[in-house]
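What follows is a set of notes on a single structure, which appears directly below.
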Amino acid sequence: MNLSWLEKLDRRWLFLIVGVLVMGPLLRPIGVPLGSSKPVKQFHDAIAAIPEGAIVLMSCDYDPGGKPELVPMTRTAFRQLMERHCRVVITCLWTGGSGLVDETIEGMAQEMRAEGKDIVYGRDYVDLGYKAGYEAVMVLMGKGIANAFPQDQRANATSSLPLMREVRDYSSFAMLVNISAGYPGTKEWVQQVNSRFHLPMVSGCTAVSAPEYYPYLQSGQLRGLLGGMAGAAEYEKLRGEKGSATKGMDAQSLAHAFVALCIVLGNVVQWTKRRTTP
Amino acid sequence: MTLSHDFGTWVAALLTLCIFSFLYKDNPLYKFAEHLFVGVSAGYYIVLNFWTVVVPNLYDPLYRAFTRHDPITHAVVERTGGPFAGSVGDYRGWFLIPGLLGLLLFTRLVRRVDWLSRWSLAVIIGVYAGLKTTGFAQGDLVAQAQASLQPLWGHDFWTSVNAILFTIGLLTSLLFFFYSREHKGSLGIAARTGIVFLMVSFGAGYGYTVMSRLSLLIGRFQFLLNDWLGMK
Amino acid sequence: MKRELPLLLTAVIGLFMLLSFFVPHHVVSVPADFLQQCAVIVVAFGYVLGGANALSVNLSAIARRQPDWPYKLVLVATLLFTVLIGLKEGRHWQDGNTISMFLYNQLYSSMQATMFALLAFFIASAAFRAFRVRTVEAGLLAAAALIVMLGRVPIGDQLTAWLPEPVRLGAVQDWIMNVPQNAAKRAVLMGAALGVMATGLRVILGIERSYLGGGD
Amino acid sequence: MTTEPGAHGPVRPLLAGVLVLAVLAAGAAGAQEIHPPAPPSSLTVADVPNDAGSALTLAWKLSPDDSAGRRLVAGYRLERAVAPEGPWTLVDSIAPGTAARVDAGVHRNTPYFYRVAAYGPGGVTFALANAGPGIGRETWFNLTRTSVLTFMLTFYLLVLFFMERARTGQKPFVRRLAGIDAIEEAIGRATEMGRPVLYVPGIQDIDDIQTVAGLVILESVAKLTARYETPIRVPVAYPIPFTIAQEMVKSGYLNAGRPEAYDPDSVQFVSPEQFAFVAKLTGIMLRDRPAAHIFMGSFYAESLMLAETGFQTGAIQVAGTANVHQLPFFVVACDYTLIGEELYAASAYLSGEARLVGGLKGADMLKLLMILTILVGCLLESFGVHGLTTWMETQ
């Protein structure tokens, strides 16, 4: 059985197959049932345990590259916090992300206002936008959030926002919800803020960074972890929502099966080749 | 299928297709989109860092310190002490120092005086050396070791098996990164066991990375199908 | 003199930041806070320098008519346009429908997301053409990758629904993540922490001179 | 007296509202006999240790009426003043059933006086005795971090000891990493084929310590390419590492005794934007066809595209990064991969400099100490002794 034609296969055929496998379920969903994993449940329960009306820091450290995985998490977490009447302070430490984060949060707030919830910018949620400086900004916020962020994303003076008058430093927050796509992100928040300022923390991250944060989950530094689109979809399921993450999971299933097939097939081709040549 | 009428969505969709054209082969459309992207991102980084850091964190405090007026509302800023009477979080005139250091960075563009920029580098590297060292020492060394102290027996069978396996994996993986002796004899066995655990963790990493990459493609197709072509 | 003093400054600042971790007293914490404010500002200037550097590199490439120079013209034009518009629109450049936000949403955001999306295609082709199991270790990596990849999506549990619960792909994947993966990852974290601490010490003691370069 | 930082403007009207509602509800309940709740007692104030003197911790005994069943106590009011007789400002209103609170908004070294009251539908009753003066003291050393200090100091002493040994000629033994043979073999191969070597010191800025390690290895690689007269290409993503890379290649050629062979264009500044940088690199790989690709430093999502394109051009590839999430791609697609901190070990071995070897040996010895600590800790935990675990707990 000579599979050498497979080896000389132009990789653009593989691109075509991936394209079709992803496009298909988006047009005609299959609806493979979602499971549920412990880290996602812990994330949901940690937020559910926040006292009503507490102030929460939500640092959305990602840029458009993390959009498909992290925007659904941001929306679902923001809705759960708003429904618990928590007040949310949002920051973004990624250079390309503050525009996307503000658009996501404002879009969510608009949706909830349309559903009749009374959510006011400046009182219930504040977006302080971007600040350069990686870990330096995190430690700076420990001395005073307003010192590090003199103005918010919409160029209002931070001191003019009613919610910010109740926020001094990390001790004013009941929890940190960190949506992170890499550096600076969950690891830096754990190192610089979590244990040093006793700020309980949960993290939603891209799937690529999830394995690196499991040790923090096991050690208790993180109280919950959402890993990639699967984590976002399971979180949406727990919250009874059907967002873009859930809709994408069918395509994930098919594409994952295809990539697994590629690994196996690639090695079979190489293995048969090695045996047939004398 | 209702095509979107928004000019912006059309621009985004066409540029998305330009970049996807790289899959077929590197072509002028892709080159145009790529250079457009580099130009926009470099420009955006400059404007972003100017309006969100240089102005609010540097210019405004200096303006208030030396003119006693608010830079935006021009109202009088009443406060005690001169431009250099700073306190935690309110450094007023002292911000001249980072301002100068920031400007010194630009001497890198001029060969003759680029050594002046070493002063700015000194501050950045000094601050980050301190922050990273303490951050890693506490978060990744001591806290991780402390979390690994767990009873190896005493509760139900499977938990003990997992705890013992975990500790063996941790200790042999640590020994894999040992450089003071050749990996022979018992150290050799430990290193080879360690590499097994390491390879399993890299495999898990590979699996999770596949999901991340596919999510990005799903996100783009969702944009093209729903926002641009209007297929729900 | 041009090298010794900056090194001394790095050492003093680095030591001071180490001290500020252990000493909460305001005599140490206030200057440390000021140093962090300086770092934030200088890093921001670093980005502006990066942009200026890209401008000068591409302008000289255009001047020397290097290959692809017309595309570099597009790059320089877009860069200058983005900067000028951003500066003209003032402090409220990120509100709703400014031109800067149009450039951000429709150009920057969409093109960066698409650049990343290309990776999905490359992962499939790399899996087929470059994922070679040539050693035992690579075999272990492949096995773990397959289990985790299928166990993390709903299809995995569907395929192994006929097995008892603790042996299904989803459960095996959880076990791999919580025991072997965690143990090895923690060892790597601790090893990397020592690497960072050693390099930090060298920077503070002024031994690490590389960032100053070999020159005079 | 200026209001305390973090004044609680909206809380006071909120509180009044709660009282009114509670009274109305009680009225509606009718039958139950309503009287002001019994006061809490023995309020104590103490300084929170290990901080900058900005926090005091308050504790009190619950009001006897504060039992889950009877709705007499709706919560506790904690108030603070700078003088024993007031004026009093509200610190916080606390849910029933809680008997402690940290007041984190105090000025250091200033005496404060506190009083606590139980409030409920029947009214407000203050505790008989107030507490104070409580003074927030600054501490010079955060005691909860002694374990971090111990391990850090031990490590630094070990590093300095081995650095001294290495500098005074007794070179401590460091095993030769297989990865280094792979780098030299890759450069040798490129020389045989007369093709250039592509060296990428990661894509992060100088503040990422992997970039520093990548640049140190670059100097040794440049020394080899200078000696073999093989062209070298070094694309760099950020301006600062770019200028350092130029210096590194220049001193590599200097140390190889061929300063005139140094080509300034071999080091190129590309772009900090991740994917523009990758596009440039894949362009170099496909057009200039370097025979050896060496990736040493901090890499992120682009490691896959580089390794796969490199695999296609048939170049020999050696990679090294401490970003664990990118290691799987390098391991499967490259001929050899330095795993995690082996990147730092390679920079120490290759440069042979005392400062790097000292760090490596120090880390080895501390790893042994860590292994011992974990073994002892697990045994103690198995016997139910938690002393070591709590000592290592950090705040």
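Residue numbers (the numbering used here), protein chains in the order written: chain A, 13 to 290; chain B, 122 to 353; chain C, 52 to 267; chain D, 33 to 427. Even glycine gets a Cβ: it sits at the ideal position worked out from N, Cα and C. Model, not experiment: these values are computed from the prediction.
Can you list, in chain order, the residues of its chain with a C-beta nearer than 6 Å to that of residue i? Leave out the 5 residues immediately preceding and following it.
{"i": "L346(B)", "result": "M352"}
{"i": "G409(D)", "result": "L420"}
{"i": "D181(B)", "result": "P192"}
{"i": "M225(D)", "result": "A323"}
{"i": "S48(A)", "result": "E246"}
In chain A, what lies closer than 7 Å to residue i by C-beta?
{"i": "Y155(C)", "result": "G111"}
{"i": "G326(B)", "result": "P223"}
Check the Cβ of residue i against every Cβ in chain E and list those closer than 8 Å, keeping chain order.
{"i": "V151(A)", "result": "Protein chains in the displayed structure are A, B, C and D, and chain E is not among them."}
Is it the case that the Cβ atoms of residue i and residue j are separated by a distance below 9 Å?
{"i": "G152(D)", "j": "P69(D)", "result": "yes"}
{"i": "G329(D)", "j": "G234(D)", "result": "yes"}
{"i": "Q259(B)", "j": "F173(C)", "result": "no"}
{"i": "R387(D)", "j": "M195(D)", "result": "yes"}
{"i": "G141(A)", "j": "Q163(A)", "result": "yes"}
{"i": "K399(D)", "j": "V206(D)", "result": "no"}
{"i": "G326(B)", "j": "Q232(C)", "result": "yes"}
{"i": "F299(B)", "j": "D396(D)", "result": "yes"}
{"i": "A62(C)", "j": "G257(C)", "result": "yes"}
{"i": "N141(D)", "j": "G85(D)", "result": "yes"}
{"i": "C217(A)", "j": "G232(A)", "result": "no"}
{"i": "V220(A)", "j": "R341(B)", "result": "no"}
{"i": "V83(A)", "j": "L112(A)", "result": "yes"}
For residue i, return the contacting residues in chain C, with the cut-off set at a CB-CB distance below 7 Å.
{"i": "E200(A)", "result": "Here the premise fails: no neighbours, minimum Cβ distance about 12 Å."}
{"i": "Y184(B)", "result": "Those do not exist, as Y184(B) stays about 13 Å from chain C at its closest Cβ, beyond 7 Å."}
So with CB distances below 8 Å, who are the chain C contacts of residue i?
{"i": "E15(D)", "result": "Chain D is shown only over 33 to 427; residue 15(D) falls outside these bounds and no answer can be derived."}
{"i": "N347(B)", "result": "Those within 8 Å of N347(B) in chain C number zero; the least Cβ separation is about 14 Å."}
To which residues of the same chain is residue i closer than 8 Å at the C-beta, ignoring the five residues directly before and after it?
{"i": "A63(D)", "result": "The predicted model places A63(D) with a pLDDT of 47, which falls under 50 and marks its position as unreliable; any figure quoted below should be read in that light. Result list for A63(D): empty, nothing under 8 Å."}
{"i": "P228(D)", "result": "A222, T262, P263, I264, R265, D320, P322 and A323"}
{"i": "I113(C)", "result": "W120, K123, L124 and V127"}
{"i": "R237(C)", "result": "none"}
{"i": "D102(B)", "result": "In the structure as shown, chain B begins at 122 and stops at 353. Residue 102(B) is therefore absent and cannot be evaluated."}
Name, please, each residue of chain C whose Cβ falls closer than 9 Å to the Cβ of residue i.
{"i": "R235(A)", "result": "Going along chain C, no residue has its Cβ under 9 Å from R235(A), so there is no contact; the nearest lies around 16 Å."}
{"i": "N178(B)", "result": "Q88, V91, I92 and A95"}
Listing by chain order, which chain A residues have their CB less than 8 Å from the CB of residue i?
{"i": "V356(D)", "result": "P223 and E224"}
{"i": "N229(C)", "result": "Y226 and Q230"}
{"i": "K236(C)", "result": "P223, E224, Y226 and P227"}
{"i": "T426(D)", "result": "S207"}
Any heavy atom of the ligand SAM closer than 8 Å to the Cβ of residue i?
{"i": "A210(D)", "result": "In the structure shown, the ligand SAM is absent, as is every other ligand, since no ligand is present at all."}
So residue i contacts chain D; which residues on that side make the cut at Cβ distance below 9 Å?
{"i": "A62(C)", "result": "Under the 9 Å cutoff, chain D gives no residues; its nearest Cβ is about 14 Å from A62(C)."}
Show which residues of chain B have a CB atom less than 9 Å away from the CB atom of residue i.
{"i": "K444(D)", "result": "Residue coverage of chain D in this structure runs from 33 to 427, which leaves residue 444(D) outside it and unanswerable."}
Excluding the 5 residues flanking residue i on each side, which residues of the same chain have their C-beta closer than 7 Å to its C-beta?
{"i": "G346(D)", "result": "none"}
{"i": "W423(D)", "result": "S179"}
{"i": "A60(D)", "result": "Its pLDDT being 47, under 50, A60(D) is placed unreliably by the model, and nothing is read from it."}
For residue i and residue j, which I take to be in contact (beta-carbon distance under 8 Å), what is that distance rounded to the nearest angstrom?
{"i": "A311(B)", "j": "L296(B)", "result": "4 Å"}
{"i": "R303(A)", "j": "L39(A)", "result": "One cannot answer for residue 303(A) here, as it falls past the ends of chain A, which runs 13 to 290."}
{"i": "L382(D)", "j": "I212(D)", "result": "6 Å"}
{"i": "D73(A)", "j": "N206(A)", "result": "The Cβ separation is near 14 Å, so there is no contact."}
{"i": "L130(C)", "j": "G164(B)", "result": "4 Å"}
| request: Taking only beta carbons into account, state which residues of the region 321 to 345 of chain D come closer than 8 Å to chain A, listed in chain order. | output: Y332 and A333
| request: Please name the residues in the region 115 to 143 of chain D whose beta-carbon is closer than 9 Å to at least one beta-carbon of chain C, in chain order. | output: Under the 9 Å Cβ criterion, the region 115 to 143 of chain D contributes R140.
| request: Return the residues of the region 166 to 189 of chain C that lie within a Cβ-Cβ distance of less than 7 Å from chain A, sorted by chain order. | output: F167, A171, F172, I174, A175, S176, A178, F179, R180, F182, R183 and V184
| query | In the region 50 to 70 of chain A, which residues sit with their C-beta less than 8 Å from some C-beta in chain C, listed in chain order? | reply | K50
| task | Give, in chain order, every residue of the region 198 to 224 of chain C whose Cβ lies closer than 7 Å to some Cβ of chain A. | result | M200, L201, R203, V204, P205, I206, D208, Q209 and G221
| query | What residues in the region 89 to 108 of chain C have a beta carbon less than 7 Å from any beta carbon of chain A? | reply | A90, V91, V94, A95 and Y98
| task | Identify each residue in the region 272 to 295 of chain B for which the Cβ-Cβ distance to at least one residue of chain A is less than 7 Å, and report them in chain order. | result | none
| message | Residues of the region 391 to 405 of chain D in Cβ contact with chain A at a cutoff of 7 Å, in chain order, please. | response | Interface annotation for the region 391 to 405 of chain D against chain A: empty, criterion Cβ-Cβ distance under 7 Å.
| field | Against chain B: residues of the region 192 to 212 of chain D by CB proximity under 8 Å | value | P204, F205, V206, R207 and L209
| field | the region 306 to 335 of chain B: positions lying closer than 9 Å to chain C by Cβ | value | G315, I316, V317, F318, L319, M320, V321, S322, F323, G324, A325, G326, Y327, G328, Y329, T330, V331, M332, S333, R334 and L335
| said: Closer than 7 Å between beta carbons: that is the criterion. Which residues of the region 133 to 144 of chain B meet it against chain C? | reply: A133, L136, T137, I140, F141, F143 and L144
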